[in-house]
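Participant: Per our numbering, the sequence shown runs over residues 1039 to 1414.
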Amino acid sequence: MVQTVPAATQNRQINQQQISTLKNISVKNNCADSAGILRYPHPVLRSKDLQKRPRQITLMDKKWVLYRDADGKVAALPDVCPHRGAQLSKGKVNGAGELVCAYHAWRIRSDGNVTCPSVPKRSCRLQLLKTWERYGFIWIANAGVPDSSFPDFIDPDYELMGGFSSLFKAPLPVVLDNFGEIEHAFQVHTFIGPSRQVLDTVKFSVDIEEEKTFGYMSCRYRGLPLALHRFFGIRKNDLYHNDWVFKFNPLHGSYKNYWTAADGTRQRPVSFIVTSFLVPVNEQEVNVIVFVQIAIRNKWLKILSPVLKWSTMLITKFEIEADGDIAEFAPAEAQDGSRWRLTHLDRQIMANRKKMNELYFAREREAVAQTVNSDI
Ligand code: FES
Ligand SMILES: [Fe+2]
1039 MVQTVPAATQ
1049 NRQINQQQIS
1059 TLKNISVKNN
1069 CADSAGILRY
1079 PHPVLRSKDL
1089 QKRPRQITLM
1099 DKKWVLYRDA
1109 DGKVAALPDV
1119 CPHRGAQLSK
1129 GKVNGAGELV
1139 CAYHAWRIRS
1149 DGNVTCPSVP
1159 KRSCRLQLLK
1169 TWERYGFIWI
1179 ANAGVPDSSF
1189 PDFIDPDYEL
1199 MGGFSSLFKA
1209 PLPVVLDNFG
1219 EIEHAFQVHT
1229 FIGPSRQVLD
1239 TVKFSVDIEE
1249 EKTFGYMSCR
1259 YRGLPLALHR
1269 FFGIRKNDLY
1279 HNDWVFKFNP
1289 LHGSYKNYWT
1299 AADGTRQRPV
1309 SFIVTSFLVP
1319 VNEQEVNVIV
1329 FVQIAIRNKW
1339 LKILSPVLKW
1349 STMLITKFEI
1359 EADGDIAEFA
1369 PAEAQDGSRW
1379 RLTHLDRQIM
1389 ANRKKMNELY
1399 FAREREAVAQ
1409 TVNSDI
């Protein structure tokens, strides 16, 4: 719905609302709240980082403990002992695969049964989270979340090279904004996006659907230092394309990077997809979990595939770190009574904020209607 509220007022409303959203949500979410963000699976820890010792992770300010039972299966529950609340992550896993509290040695099994060794009749049962191990990461969701809810981001025509995580020290709306616009690419990034000289020729469009948003960008490619782009089959004056989709179940965007000849035909043989999951840690930090898929469609370049894969992962890590560095300096709201002067290049970010509130945080539609900005 298009609002008639002046743009300056709208922007203030948007920004104040974003802050209160995070505050409200962070105190409301808990293990039993099936309406919380864990109604969607979230990647939270690399599989190889969970060995014999339990590990604590934080999601929306809430602490969870992960551990492996005797079969190596991951169990996840609030990091609070049912006896007197000690942090279970300070305990150990015994030979039977039970998590033993460090305080009075209550034992938690991965099926949720809890044994009190001193007073067995006080034993109880806990509801544990559902867990998956996929693509090198541990994912968690509320108990009962079906496998069909697992995010479908793997393209069968691409090869998954791996994943990594990067901690952004910025509020979630700021990080979300960063993954919803491309204007920063020439300034913040080194390997992707246009050169500074052709900025005003960048083509950009947006599609907004009910449950996802799309961005499409193409520009004259800036090239890699030392013309290394030739190893990717990219030629001088080629067009760089970045087509992406952002979804909210959970928050993640998939960005397809590819190149064509200057007239938009003849796609070059190497392309890759970067999928970034935004996992809110607390009001000031977001863990960005990134998966990279690559396609190499040239038999000669396939010979170089180990080098191409290694360099693509390296480039992606470098660029994601650059995003994290700049996000630290961007506020989630306009400062000192000023207002943001948004352009069409920001169109997706306002839609993303609105959908994050409605679809991810399940907030009332009326409460966020003002995030529609009639300027753009
Ligand atoms: S607080 Fe954990 S066993 Fe007592
Ligand atoms: Fe970026």
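Glycine included, each C-beta is placed from N, C-alpha and C at the ideal position.
Can the beta-carbon of A1181 be found closer than 9 Å to that of L1198?
Facilitator: Walking along the sequence shown from the start, residue 1181 turns up at place 143. Walking along the sequence shown from the start, residue 1198 turns up at place 160. Not in contact: A1181 and L1198 (Cβ atoms no closer than 9 Å).
Participant: Can you find a heavy atom of ligand 2 that lies under 8 Å from the Cβ of E1371?
Facilitator: Taking the sequence shown and counting its residues from 1, one reaches residue 1371 at position 333. For ligand 2, not one heavy atom lies less than 8 Å from the Cβ of E1371.
Participant: What does the alpha-carbon distance come out to for the pair K1250 and K1285?
Facilitator: Start at 1 with the first residue of the sequence shown, and residue 1250 comes out as number 212. Start at 1 with the first residue of the sequence shown, and residue 1285 comes out as number 247. So the two alpha carbons sit approximately 5 Å from each other.
Participant: Can you tell me whether C1139 sits near ligand 1, meaning its C-beta is under 8 Å from at least one heavy atom of the ligand?
Facilitator: The residue given as residue 1139 occupies position 101 in the sequence shown. Under cutoff, so the answer is yes.
Participant: I'd like to confirm something about R1147: is its beta-carbon nearer than 8 Å to some heavy atom of ligand 1, or not?
Facilitator: Taking the sequence shown and counting its residues from 1, one reaches residue 1147 at position 109. Flag unset: Cβ of R1147 not near ligand 1.
Participant: Under the three-state reduction of DSSP, which class applies to N1320: helix, strand or coil?
Facilitator: As a first step, residue 1320 must be located in the sequence shown, where it is residue number 282. Note: N1320 maps to strand in three-state DSSP.
Participant: According to DSSP, simplified to helix, strand and coil, what is A1114?
Facilitator: Counting from 1 along the sequence shown, the entry for residue 1114 is found at position 76. Three-state result, A1114: strand.
Participant: For the candidate residues F1252, L1126, K1130, L1104, whose alpha-carbon lies nearest to that of K1393?
Facilitator: The count along the sequence shown starts at 1 and reaches residue 1393 at position 355. Comparing Cα positions, the closest option is F1252.
Participant: So, for I1220: in the same chain, excluding its five sequence neighbours on each side, which residues have a beta-carbon less than 8 Å away from its beta-carbon?
Facilitator: Residue numbering aside, residue 1220 sits at position 182 when the sequence shown is read from its first letter. Around I1220, the same chain offers G1231, V1240, F1242, G1253, M1255, N1280, L1383 as residues with beta carbons nearer than 8 Å, after the five sequence neighbours per side are excluded.
Participant: How would you write the range of the beta strand (DSSP E) that A1365 sits in, first residue to last?
Facilitator: Numbered from 1 along the sequence shown, position 327 holds the residue referred to as residue 1365. No beta strand (DSSP E) contains A1365, which is instead part of the alpha helix (DSSP H) from 1343 to 1365.
Participant: Let me make sure I understand the geometry here. Which of K1086, Q1322, L1076 has the alpha-carbon closest to that of G1201?
Facilitator: Taking the first residue of the sequence shown as position 1, residue 1201 is located at position 163. Per the Cα distances, K1086.
Participant: Drop a sphere of 10 angstroms on the beta-carbon of W1338, count the other beta-carbons inside from all chains shown, and report buried for 16 or more, exposed for fewer.
Facilitator: The residue labelled residue 1338 in the question sits at position 300 within the sequence shown. It counts as exposed.
Participant: Measuring CA to CA, which of E1323, I1353, A1400 is closest to F1367?
Facilitator: Taking the first residue of the sequence shown as 1, we reach residue 1367 at position 329. When each option's Cα is compared against that of F1367, the closest is E1323.
Participant: Once the 5 residues before and after P1450 are set aside, which same chain residues still bring their CB inside 7 Å of it?
Facilitator: Residue coverage of the chain in this structure runs from 1039 to 1414, which leaves residue 1450 outside it and unanswerable.
Participant: Assign D1245 to buried or exposed, taking buried as 16 or more other Cβ atoms, counted over all protein chains shown, within 10 Å of its Cβ.
Facilitator: Sequence index remark: in the sequence shown, residue 1245 carries index 207 (1-based). Counting the other Cβ atoms within 10 Å of the Cβ of D1245 gives fewer than 16, which makes it exposed.
Participant: Cβ of V1112 within 9 Å of Cβ of I1176?
Facilitator: Within the sequence shown, residue 1112 is the residue found at index 74, counting from 1. Within the sequence shown, residue 1176 is the residue found at index 138, counting from 1. Result yes, Cβ atoms of V1112 and I1176 sit closer than 9 Å.
Participant: May I have a chain-ordered list of the beta strand (DSSP E) segments no shorter than 3 residues that lie completely inside the segment 1282 to 1338?
Facilitator: 1289 to 1298, 1308 to 1320, 1323 to 1334
Participant: Give me the Cα-Cα distance between I1332 and K1347, rounded to the nearest whole angstrom.
Facilitator: As a first step, residue 1332 must be located in the sequence shown, where it is residue number 294. As a first step, residue 1347 must be located in the sequence shown, where it is residue number 309. Cα-Cα distance, rounded: 7 Å.
Participant: Going by C-alpha to C-alpha distance, which of C1154, A1389, T1354, T1381 sits closest to V1283?
Facilitator: For the purposes of this step, residue 1283 is taken as the residue at position 245 of the sequence shown. Among C1154, A1389, T1354, T1381, the Cα nearest to that of V1283 is on A1389.
Participant: For F1242, decide whether its Cβ has a neighbour in chain D, counting only Cβ atoms nearer than 9 Å.
Facilitator: In the displayed structure, chain D is absent; only one protein chain is listed.
Participant: For F1224 and D1276, what's the separation of their Cα atoms in angstroms?
Facilitator: Taking the first residue of the sequence shown as position 1, residue 1224 is located at position 186. Taking the first residue of the sequence shown as position 1, residue 1276 is located at position 238. Taking the straight line from one Cα to the other gives about 16 Å.
Participant: Please classify L1060: does DSSP put it in a helix, a strand, or coil?
Facilitator: Residue mapping note: residue 1060 aligns to position 22 of the sequence shown, counting from 1. The predicted model places L1060 with a pLDDT of 34, which falls under 50 and marks its position as unreliable; any figure quoted below should be read in that light. Helix.
Participant: Beta strand (DSSP E) containing K1250: first to last residue?
Facilitator: Here residue 1250 is taken as the residue at index 212 of the sequence shown, counted from 1. K1250: member of the beta strand (DSSP E) spanning 1250 to 1258, first to last residue.
Participant: V1213 and Y1078 - do their beta-carbons sit closer together than 9 Å?
Facilitator: Along the sequence shown, read from residue 1 onward, the residue named residue 1078 stands at position 40. Along the sequence shown, read from residue 1 onward, the residue named residue 1213 stands at position 175. Their beta carbons are not under 9 Å apart, which means Y1078 does not touch V1213 by this criterion.
Participant: Which same chain residues, not among the five before or five after Q1386, have their C-beta less than 7 Å away from its C-beta?
Facilitator: Counting from 1 along the sequence shown, the entry for residue 1386 is found at position 348. Result list for Q1386: G1218, E1219, V1244, T1251, G1253, in chain order.
Participant: May I ask you to check if the CB of F1356 is nearer than 8 Å to at least one heavy atom of ligand 2?
Facilitator: Counted from its first residue, the sequence shown places residue 1356 at position 318. Remark: the shortest separation between the CB of F1356 and any heavy atom of ligand 2 does not fall under 8 Å.
Participant: Relative to ligand 2, is the shortest distance from any of its heavy atoms to the C-beta of F1217 smaller than 8 Å?
Facilitator: As a first step, residue 1217 must be located in the sequence shown, where it is residue number 179. Yes; taking the cut-off as 8 Å, the Cβ of F1217 has a heavy atom of ligand 2 nearer than that.
Participant: Checking 9 Å against the spacing of the C-beta atoms, do N1295 and S1309 come in under that value?
Facilitator: Numbered from 1 along the sequence shown, position 257 holds the residue referred to as residue 1295. Numbered from 1 along the sequence shown, position 271 holds the residue referred to as residue 1309. For N1295 and S1309, yes; Cβs fall inside 9 Å.
Participant: Alpha carbon to alpha carbon, how far is F1206 from V1326? Give it in angstroms, no decimals.
Facilitator: Your numbering for residue 1326 matches position 288 in the sequence shown. Your numbering for residue 1206 matches position 168 in the sequence shown. So the two alpha carbons sit approximately 7 Å from each other.
Participant: For Y1196, name the three-state secondary structure that DSSP assigns.
Facilitator: Residue numbering aside, residue 1196 sits at position 158 when the sequence shown is read from its first letter. Coil.
Participant: Please name the residue or residues paired with S1203 in a DSSP beta bridge.
Facilitator: In the sequence shown, counting from the first residue as 1, residue 1203 sits at position 165. DSSP, once it has assigned bridges, lists I1327 as partnering S1203.
Participant: Looking at the unbroken alpha helix (DSSP H) that takes in T1188, where does it start and where does it end?
Facilitator: If you number the sequence shown from 1, residue 1188 lands on position 150. For clarity, residue 1188 is Phe in the given sequence; the question names Thr instead. Counting along the chain, F1188 falls outside any alpha helix (DSSP H), and DSSP gives it neither H nor E.
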